[in-house]
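In my numbering, the protein residues as written are 17 to 469. Here the structure comes first, spelled out in structure tokens, and everything after it is commentary.
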């Protein structure tokens, strides 16, 4: 049950408790106590993917009382982001997690650009690179487990099965409604289990960070537009076991109007992603799989070993490695979108809640990690040092500027005098395929003769 309360009641007292009719079925948190018996949080992070977990760690390390909630029951088993940019590696170095990350990662030293005829261009690891590679290939589920462990080590636990169901945002704070989800057995003739709301809690919290993905409840409650910034793409993704030594090269393949990529991984694995031109996957395929396997069901087309061999023959005939086993496969829907703004008042967005892009450059998650770190720093400065909340508007301007560039909406890169004819032909596609952002992106693009306008 949702109870509408007049806005002036909140403004009269900064975090005043509101009065509700008896028997409304809603538990109101008393001042100074959170929904689970601790002190009331100063910040609430919604979403426990890499961006949300990183935001919570950074907030806690700066002395902010933080809670982090996620509607799911655990981290994902299969996700599509699998590479960390140099900017992300620097962030993990600051946290003391770099060694652990690199122990589980496969370093990329080159990016090869191909068409059906073979190799056409390359980017190499810059001499001043501190990590020995352009990017680190690491499964998102492995990264999430590391970050959750790091968060537990500083005394903060993810509140799984807790869903943000309502958010009322004001200039001086927020009133949030959180539903705790429980499994119940239902059905008479055939019993089955489903998630139901076991308890609903409302509490006041000064600042909220929405890191709850492309279908963000936080963004929707704010009424922020999430407009398309390009065409929706669908990709057939195969994770395979191979006997070939794929080395340390990420292979980007432009063929017949499609963009495709091969990622080498640890333990003799690789991941191929092939763009589809004649298929529309349902929107739900963009959501992380929370089960142990994802084989492709429902509206997905059949992806067989023969499908993989057909893609390789048509788009990468030069790829002669044998495929021993297909470990999992799925068709994924990738959209290009950007939020009209990244928040207002005391509610702000980071990661996929504010932007989504294509599957090759892994830019949304990695830039999202930077956003989480920046937001955490601003929040700490506001709450602990008394800085003006107007700093959050600076965050908004910076996000809009960078994503307008990354999504090729404005201020993008163009071929310079040293760019080859082949690079000139594919310049518009190349930028979103580079595993970098900021000054790192400019350095990599520069190797191909691409310069910022």
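All C-beta atoms, glycine included, are put in the ideal place defined by N, C-alpha and C.
Should residue i be labelled buried (16 or more other beta-carbon atoms within 10 Å of its own) or exposed?
i	result
residue 75	buried
residue 247	exposed
residue 415	buried
residue 364	buried
residue 371	buried
residue 62	buried
residue 222	buried
residue 230	buried
residue 355	buried
residue 380	buried
residue 353	buried
residue 169	exposed
residue 400	exposed
residue 165	exposed
residue 119	exposed
residue 55	exposed
residue 110	exposed
residue 146	exposed
residue 426	exposed
residue 431	buried
residue 11	With the chain covering only 17 through 469, there is no way to say anything about residue 11.
residue 283	exposed
Which residues does DSSP list as the beta-bridge partners of residue i?
i	result
residue 334	According to DSSP, residue 334 bridges with nothing at all.
residue 199	211
residue 275	270
residue 10	Nothing can be reported for residue 10, as the shown portion of the chain is limited to 17 through 469.
residue 429	468
residue 183	192
residue 131	134
residue 225	61 and 364
residue 176	86
residue 5	In the structure displayed, the chain extends from 17 to 469; residue 5 sits before or after that span and is not available.
residue 439	For residue 439, which the question treats as bridged, DSSP gives no partner whatsoever.
residue 280	286
residue 153	99 and 122
For residue i, I'd like the list of residues in its chain whose CB is within less than 6 Å of its CB, leaving aside the five on either flank, ordered along the chain.
i	result
residue 451	99, 101, 151, 377 and 378
residue 125	141, 149 and 264
residue 277	268, 289 and 376
residue 328	335
residue 324	254
residue 392	71, 74 and 75
residue 181	193 and 195
residue 382	101 and 104
residue 449	268, 376 and 377
residue 159	66
residue 242	353 and 355
Given residue i, which residues of its chain have a CB within under 7 Å of its CB, disregarding the five upstream and five downstream residues?
i	result
residue 464	137, 139, 435, 439 and 446
residue 458	468
residue 114	105 and 108
residue 77	170
Skipping 5 residues on each side, what residues in its chain have a beta carbon closer than 8 Å to that of residue i?
i	result
residue 404	398
residue 343	255, 256, 257 and 285
residue 143	none
residue 183	190, 191, 192, 193, 224, 233, 234, 237, 238 and 363
residue 199	209, 210, 211 and 212
In whole angstroms, what separates the C-alpha of residue i from that of residue j?
i	j	result
residue 57	residue 453	33 Å
residue 369	residue 387	11 Å
residue 153	residue 123	6 Å
residue 461	residue 259	32 Å
residue 185	residue 362	7 Å
residue 65	residue 174	10 Å
residue 130	residue 188	53 Å
residue 275	residue 112	36 Å
residue 359	residue 238	8 Å
residue 433	residue 466	9 Å
residue 133	residue 350	27 Å
residue 389	residue 331	39 Å
residue 441	residue 271	12 Å
residue 86	residue 179	6 Å
residue 422	residue 429	9 Å
residue 424	residue 245	8 Å
residue 456	residue 80	31 Å
residue 82	residue 266	38 Å
residue 337	residue 281	14 Å
residue 413	residue 419	10 Å
From the beta carbon of residue i, is the nearest beta carbon of chain B less than 8 Å away?
i	result
residue 140	No chain B is present in this structure, which holds just one protein chain.
>> Suppose only complete runs of 4+ residues qualify. What are the alpha helix (DSSP H) ranges in the region 45 to 129, listed by chain order?
In response: The region 45 to 129 contains these whole alpha helix (DSSP H) runs: 66 to 77, 102 to 111 and 114 to 119.
> What beta strand (DSSP E) runs, 3 residues minimum, are completely inside the region 317 to 392?
Replying inline: Listed in chain order, they are 339 to 350, 353 to 355 and 363 to 365.
>> I'd like the ranges of any beta strand (DSSP E) spanning at least 3 consecutive residues and lying wholly in the region 228 to 268.
In response: Listed in chain order, the complete beta strand (DSSP E) runs (minimum 3 residues) inside the region 228 to 268 are 242 to 244 and 249 to 258.
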